[in-house]
Amino acid sequence: MMELKQIATAGTMESSDLMITLSPNETGLVIDLQSNVEKQFGQHIRALITEMLTKFNLTNVTVSAVDKGALDCTIKARTVVAIYRGLGKTDYDWKEINAWIA
1 MMELKQIATA GTMESSDLMI TLSPNETGLV IDLQSNVEKQ FGQHIRALIT
51 EMLTKFNLTN VTVSAVDKGA LDCTIKARTV VAIYRGLGKT DYDWKEINAW
101 IA
């Protein structure tokens with residue numbers, strides 16, 4: 001199981017984007033989502049974020065996400081970037097990442 005080394009953020013507050021912040025914790029996965037479309041897509045957005053965290057075997061993470069109408073590919077990409085930053089990794093495994101995002 002991997003653990004975040006530091007707080008990490010990815011994304012912007014622009015339209016069609018997602019601002020995501022990941023923080024290490026000791027209580028399991030907690031997702032705080034703010035979205036204008038939360039009633040329609042909140043469960044789906046949370047599932048996408050959880051899916052990406054699961055790929056890295058991350059379980060003790062607090063997620064703060066502000067959705068501005070991001071597409072699935074953007075949600076996944078922003079989450080992966082935040083994970084890499086939180087792990088302190090700079091060497092992206094593009095083949096593996098592309099397999100997840102496809």
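In full-length UniProt numbering, the protein residues as written are 1 to 102. Using N, Cα and C, we set each Cβ at its ideal position, and we do this for glycine too.
Are residue i and residue j closer than 8 angstroms when you measure CB to CB?
| i | j | result |
| --- | --- | --- |
| T62 | S35 | no |
| M1 | T59 | yes |
| V37 | G69 | yes |
Quick check on this structure: which residue in the options has the alpha carbon closest to the alpha carbon of residue i?
| i | options | result |
| --- | --- | --- |
| I20 | T50, T90, W94 | T50 |
| V30 | E14, L53, K95, G88 | L53 |
| E26 | D91, T90, L4, N98 | L4 |
| Q6 | Y84, K95, H44 | Y84 |
| K76 | S64, Q43, A47 | A47 |
Counting along the chain, where does the alpha helix (DSSP H) carrying residue i start and finish?
| i | result |
| --- | --- |
| M19 | Unbroken run through M19 is the beta strand (DSSP E), 18-24; no alpha helix (DSSP H). |
| D72 | 72-87 |
| E3 | No alpha helix (DSSP H) holds E3; DSSP gives it neither H nor E. |
Which residues does DSSP pair with residue i in a beta bridge?
| i | result |
| --- | --- |
| A65 | I20, L33 |
| T12 | Partner(s): none; T12 has no beta bridge. |
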